[in-house]
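Residue numbers (this note's numbering): 5 to 517. To keep things clear, I will list the structure first and then write my remarks on it.
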Ligand SMILES: [Zn+2]
């Protein structure tokens, strides 16, 4: 990987810690704003909907803090921001923005200025918001999945190289994405100890992750050649690692522990069972084609599979999508059952139970169980009360719709497909050029340091963020009290079809039930 190698040789590089729950929505929001979820408000891909127990897709309109491009733009810098998650609808920056994976499709709302959409379609006809590799991998079409990852990468970097060539941008930021998909879908072929490893397939696809890294390095070189930037930062929003193919249904565990109460016990309803079968056994492509036919019926079944049969008056806690738990708090939840005065005791009881939960091999299910206030700082609504850090590689789901009894299963026993690689808490940073000291390998850094580092190198002032510039950044930090006026904070107006499109994408990556 000569391009990345040159940055490491000439500059500084090392591990960089992400932020719980280590997914792209949250981590990119932290990376872009320099503040933690307690301040930027993006706690997950999905956020609680006002007034009921359902969830809605989060977008950048839920982001309560300015991103580094807002600050740079406001200071008069010309910016190009391409495919960064949590940038839909595209913002009116001074320059060009193409939205990332929270955009339902490549249309006028996902591109700024709108006139750039034509240029984009002409100069990068294969451009996609996100690759279709999840769909191909879920039906075992490994060749197609690998091709899809690399083709999407090349189309995106072609666009970025075109955008960079006039060299009239002060800041160019792009999410190349392909390495993430390579981890998710190809870990089982790369790792001989993975429960789904097949030596025959490994002969062809054991090196896909390496090939995708090499392709990414080639495209990085192409962008650097076109742009000839003074300074380059290469960052990942999290790391990657294998699944252990244990699957924990968190709300079913809460029910088993007596924190969540179901209105009718015993066998799941016919709709739920049918929906579970559909979810588990049909490939994504078939589910997608069935969607217009089933439409609202599927939505209703999904909702009832999640929360439809909960007796909220007797439920003290519930889980959403990630391994976090919210109390059913009086005054905050629509049918709260835990008075604020009891919150502390319920959380401590829940924490003790979570710490005792073991996988069948005797391993703890959670590496750490923390109170939200020990992880996040700030008063943004929508987060969890208790954070359960999963043991490495454990799959998590909200409710068990497989019609199998119990809350902990081997993935293979459920008939479900989930990716064989998951995110891990530590990713990487490498940087070189003006404003970066050539320190070589450095110790662990934090994702909240990226924004301050880039702003320092650009010479753009900003107020104190949650992370100072990296220690290897020599460019001077310029403090200010002024905040850009461009930040909104409200749910995006999605059509049902648009929201379904984003949800299907998140399902393919294994984030959403
Ligand atoms: Zn990912």
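Cβ coordinates follow ideal geometry from the N, Cα and C atoms, glycine included.
Excluding the 5 residues preceding and the 5 following residue i in the sequence, name in chain order all residues of the same chain whose CB lies nearer than 6 Å to its CB.
| i | result |
| --- | --- |
| residue 165 | 226, 227, 230 |
| residue 220 | 180, 182, 183 |
| residue 192 | 198, 200, 201, 424 |
| residue 154 | 219 |
| residue 412 | 252 |
| residue 103 | 91, 92, 94, 114 |
| residue 77 | 83, 97, 98 |
| residue 47 | 41, 386, 387 |
| residue 243 | 428, 430, 431 |
| residue 514 | 422, 423 |
| residue 265 | 315, 318, 319 |
| residue 195 | 246 |
| residue 69 | 37, 39, 43, 44 |
| residue 4 | Lying before the first or after the last residue shown, residue 4 is absent from the chain, which here runs from 5 to 517. |
| residue 240 | 431, 432 |
Take residue i and list the residues in its own chain whose beta-carbon comes closer than 7 Å to its own, dropping the five residues that flank it on each side.
| i | result |
| --- | --- |
| residue 447 | 18 |
| residue 347 | 331, 333 |
| residue 271 | Low per-residue confidence applies at residue 271: pLDDT is 48, beneath 50, and the placement is therefore not dependable enough to give any value. |
| residue 462 | 76, 81, 174, 175 |
| residue 320 | 263, 331, 332, 341, 342, 350 |
| residue 30 | 23, 41, 46, 47, 48 |
| residue 485 | 467 |
Here's the rule: buried if 16 or more other CB atoms are within 10 angstroms of the residue's CB, otherwise exposed. What is residue i?
| i | result |
| --- | --- |
| residue 509 | buried |
| residue 262 | exposed |
| residue 406 | buried |
| residue 410 | exposed |
| residue 504 | buried |
| residue 364 | exposed |
| residue 403 | buried |
| residue 297 | Confidence is the limiting factor: at residue 297 the pLDDT is only 48, short of 50, which leaves the residue's position unreliable and the question unanswerable from this model. |
| residue 500 | exposed |
| residue 130 | exposed |
| residue 96 | exposed |
| residue 118 | exposed |
| residue 106 | buried |
| residue 11 | buried |
| residue 480 | exposed |
| residue 389 | buried |
| residue 38 | buried |
| residue 64 | buried |
| residue 15 | buried |
| residue 171 | exposed |
| residue 464 | buried |
| residue 161 | buried |
| residue 232 | exposed |
| residue 208 | exposed |
| residue 383 | exposed |
| residue 85 | buried |
If you drop the 5 nearest sequence neighbours on each side, which residues of the same chain put their C-beta closer than 8 Å to that of residue i?
| i | result |
| --- | --- |
| residue 55 | 338 |
| residue 417 | 408 |
| residue 159 | 128, 129, 130, 131, 132 |
| residue 370 | 327, 358, 359, 361, 392, 393, 394, 395 |
| residue 124 | 102, 110, 115, 131, 163 |
| residue 460 | 439, 473, 477, 479, 480, 481, 482 |
| residue 6 | 221, 225 |
| residue 502 | 108, 109 |
| residue 468 | 483 |
| residue 355 | 373, 375, 390 |
| residue 27 | 48, 49, 242, 326, 427, 515 |
For residue i, list the residues DSSP reports as bridge partners.
| i | result |
| --- | --- |
| residue 331 | 321 |
| residue 229 | Residue 229 is not bridged to any residue. |
| residue 450 | 21 |
| residue 444 | 16 |
| residue 156 | According to DSSP, which records beta bridges pairwise, residue 156 is partnered with nothing at all. |
| residue 466 | 483 |
| residue 250 | 414 |
| residue 244 | 427 |
| residue 237 | 435 |
*Which ranges does the alpha helix (DSSP H) cover as unbroken runs of at least 4 residues, wholly within the region 47-102, from first to last along the chain?*
72-78
_Inside the region 171-220 only - alpha helix (DSSP H) runs reaching at least 4 residues_ = 182-194, 203-209
_Quick check on the DSSP output: what are the complete beta strand (DSSP E) runs of length 3 or more inside the region 389-436, in order along the chain?_
390-394, 399-401, 412-414, 425-428
*For review: beta carbons within less than 6 Å of any heavy atom in ligand 1*: 28, 184, 188, 427, 513
_Length-filtered (3 minimum) beta strand (DSSP E) runs lying within the region 351-383_ = 370-375
*Which ranges does the alpha helix (DSSP H) cover as unbroken runs of at least 4 residues, wholly within the region 112-162, from first to last along the chain?*
120-127, 137-142
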